[in-house]
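**Student:** Shown below is the structure under consideration.
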Amino acid sequence: MISKKLKQFIEGSSFAFVASADQRARPHLAAAEHLKVSDPRHIVFDSWVCPKTLENVVEVPRLALAVVDPISARGYQLECFVESAVEASASSGRNATATHQQIHARLVVRIEGILEFAPGPHSDQPLGIEA
Numbered sequence: 018m019i020s021k022k023l024k025q026f027i028e029g030s031s032f033a034f035v036a037s038a039d040q041r042a043r044p045h046l047a048a049a050e051h052l053k054v055s056d057p058r059h060i061v062f063d064s065w066v067c068p069k070t071l072e073n074v075v076e077v078p079r080l081a082l083a084v085v086d087p088i089s090a091r092g093y094q095l096e097c098f099v100e101s102a103v104e105a106s107a108s109s110g111r112n113a114t115a116t117h118q119q120i121h122a123r124l125v126v127r128i129e130g131i132l133e134f135a136p137g138p139h140s141d142q143p144l145g146i147e148a
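Written as structure tokens, this is what we have:
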């Protein structure tokens with residue numbers, strides 16, 4: 018469950034890393050902006066994403082979000098189930114070219130696990146029901 022402290026951390030972050038994989042376990046990493054905690058178990062984000070991200074979550078509706086403080090390099094990894102992934106529009110998006118199309122999408126994810134995320138020693142054990 019997302020605590021008030023974690024909600025403030027997530028919504029105060031300028032972006033999050035989004036890790037997904039296809040059915041053949043080929044990973045893809047993207048970045049997303051505008052994360053909102055809609056309730057204690059869900060995050061919604063409307064963001065420009067790579068087409069591969071959407072393809073992956075349609076095939077395998079799971080992803081991991083890494084929300085990190087750029088100063089301390091510490092944050093949280095959120096294990097998520099994708100409840101909804103809706104393409105709002107497809108266009109060149111910000112900083113895109115004809116070969117780098119981006120898709121504006123709205124994703125709703127349910128948090129299934131919360132872990133500490135840091136470059137140094139840390140546990141890969143869930144932080145508990147409420148972080």
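Note that the numbering used here has the sequence shown beginning at 18, numbered continuously upward.
All residues carry an ideal CB built from backbone N, CA and C; glycine is no exception.
What you are looking at is a predicted structure, and each value in this text was computed from that prediction instead of being measured.
Just to confirm my understanding: we take residue 113, look at its own chain, exclude 5 residues before and 5 after, and list those with CB closer than 7 Å. What are they?
**Tutor:** Indexing the sequence shown from 1 puts residue 113 at position 96. Residue placement at residue 113 is flagged as unreliable, the pLDDT there being 48, under the threshold of 50; the coordinate-derived value follows with that caveat. Counting only Cβ-Cβ distances below 7 Å, and skipping sequence neighbours, we find 119.
**Student:** Check whether the region 93 to 105 and the region 38 to 57 are in contact - that is, three or more C-beta pairs closer than 8 Å.
**Tutor:** No, the region 93 to 105 is not in contact with the region 38 to 57.
**Student:** What's the call for residue 42, buried or exposed, on a 16-neighbour Cβ count within 10 Å?
**Tutor:** Within the sequence shown, numbered from 1, the residue matching residue 42 stands at position 25. Classification of residue 42: exposed, given that the 10 Å Cβ count is below 16.
**Student:** Can you tell me where the beta strand (DSSP E) with residue 130 in it begins and where it stops?
**Tutor:** On the sequence shown, position 113 is the one that residue 130 refers to. That run of the beta strand (DSSP E) goes 119 to 134.
**Student:** What residues match up with residue 79 in a beta bridge as DSSP calls it?
**Tutor:** Taking the sequence shown and counting its residues from 1, the one referred to as residue 79 is at position 62. Looking at the DSSP assignment, residue 79 forms a beta bridge with 98.
**Student:** For residue 137 and chain B, any beta-carbon pair shorter than 8 Å?
**Tutor:** Given the protein chain composition of this structure (a single chain), no chain B is represented.
**Student:** From the DSSP output, in three-state form, read off residue 187 for me.
**Tutor:** With the chain represented from 18 up to 148, any question about residue 187 goes unanswered, as that position is not in the structure.
**Student:** What are the partner residues of residue 52, as DSSP defines its beta bridges?
**Tutor:** Here residue 52 refers to the residue found at position 35 when the sequence shown is read from its first residue. DSSP lists 62 as partners of residue 52.
**Student:** In terms of residues, what are the limits of the beta strand (DSSP E) holding residue 34?
**Tutor:** Taking the sequence shown and counting its residues from 1, one reaches residue 34 at position 17. Taken as a continuous stretch (DSSP letters only), the beta strand (DSSP E) holding residue 34 covers 33 to 38.
**Student:** Apart from the five residues just before and just after residue 24, which ones in its own chain have a Cβ nearer than 6 Å to its Cβ?
**Tutor:** Within the sequence shown, the letter at position 7 stands for residue 24. 54, listed in sequence order.
**Student:** Could you tell me the alpha carbon to alpha carbon distance between residue 29 and residue 60, rounded to whole angstroms?
**Tutor:** Counting from one through the sequence shown, the residue named residue 29 turns up at place 12. Counting from one through the sequence shown, the residue named residue 60 turns up at place 43. Cα-Cα distance, rounded: 13 Å.
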